[in-house]
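Here the sequence shown is numbered in our numbering, starting from 37 and rising by one per residue. Glycine included, each C-beta is placed from N, C-alpha and C at the ideal position. Note sheet for the following structure.
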Amino acid sequence: MVALRRGQKFGPYRIGAPIAAGGFSNVYRAHDEKADRAVALKVPAGKRMDPEAPADYRREVAENLALRHPNILRIIDHGEIDGVPFIVTPLGRKSLADLLVRGKGLSVIRALTYTRQLLLALAHAHTHRVIHCDVKPENLILLSDDRVALTDFGLARHGKRVLGDGSGTVGYMAPEQAEGRLTPRADVFAAGVVL
């Protein structure tokens, strides 16, 4: 069972408040006691860990490490502790979704700046034949230097692929992605929906 509690130690990390909960993973604020810094810690969700989770996490790490770009949130630690795979990234201020939920919206200039940064991140990923498959405001993290960074490559795929399961988030999914056919255009469609 993967259930982390506030104050619990998980390797060198002291678990803090939950940041996000999803169908596949949960993300927590944590304190890296070795490096003395705040981080985001991602672990599998659910009462029972999917047997595929370790392989899925290794694939996500490999995708991320191949994509060095200022608008892609980098993984700073990863591995397994007591059989539980984990991924650690820098802690952003909040997600774009958090900002939009507060009802403040974005100025036109800021919206265009973030959209440009997202499109640069996607162009970089697509150059490396990586399709994100889940572009949405929750996966855009605002960093302290007012940059937006794309995160969560958990559904990412290499090249043109048939998914077969319509993976992604309804509402941001291109029609062909919903049908299981995937090209980089699906990410561009989702970026347009985000804008």
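In chain order, Thr205, Tyr208, Ala226, Val230 place their CB closer than 7 Å to the CB of Lys172, counting only its own chain and leaving out the 5 sequence neighbours on each side.
It is roughly 12 Å from the alpha-carbon of Arg42 to the alpha-carbon of Val63. Between Asp181 and Arg129, the alpha-carbon positions lie close to 10 Å from each other. Here the segment 153-167 lies against the segment 103-115, with 3 or more beta-carbon pairs under 8 Å apart. Judged by beta-carbon spacing, Leu132 lies beyond the 8 Å limit of Arg65, meaning their Cβ atoms are not closer than that value.
In the DSSP assignment, His160 falls within the unbroken alpha helix (DSSP H) covering 144-163.
Collapsing the DSSP output to three states places Arg65 in a strand. Scanning its chain for C-beta atoms nearer than 7 Å, with the 5 sequence neighbours on each side dropped, one finds around Ile55 the residues Val63, Tyr64, Arg65, Ala76, in chain order.
Just measuring C-alpha positions, the residue of Thr187, Asp170, Ile177, Glu174 sitting nearest Leu218 is Asp170. Here the C-alpha atom of Ile51 lies approximately 5 Å from the C-alpha atom of Gln44. In this structure, Pro48 lies away from Asp72, with their beta-carbon atoms at least 8 Å apart. Collapsing the DSSP output to three states places Pro173 in a helix.
By the criterion of a C-beta distance shorter than 8 Å, Arg193 is surrounded in its chain by Val166, Ile167, Cys169, Leu199, Leu218, once the five residues flanking it on both sides are discounted. Note on geometry: alpha-carbon atoms of Lys140 and Asp118 lie some 42 Å from one another. Counting every other CB atom within 10 Å of its CB across the protein chains shown gives Ala53 a total below 16, marking it as exposed.
The DSSP-derived three-state label of Phe46 is strand. If you draw a straight line from the Cα of Val144 to the Cα of Thr151, it is about 10 Å long. The Cβ atoms of Val97 and Val38 lie no closer than 8 Å to each other. It is roughly 11 Å from the alpha-carbon of Glu174 to the alpha-carbon of Ala185.
For Arg221 against Ala214, the beta-carbon gap comes to about 13 Å, at or over 8 Å, which does not count as contact.
In this structure, the straight-line span from the alpha carbon of Ile112 to that of Ile123 is close to 8 Å.
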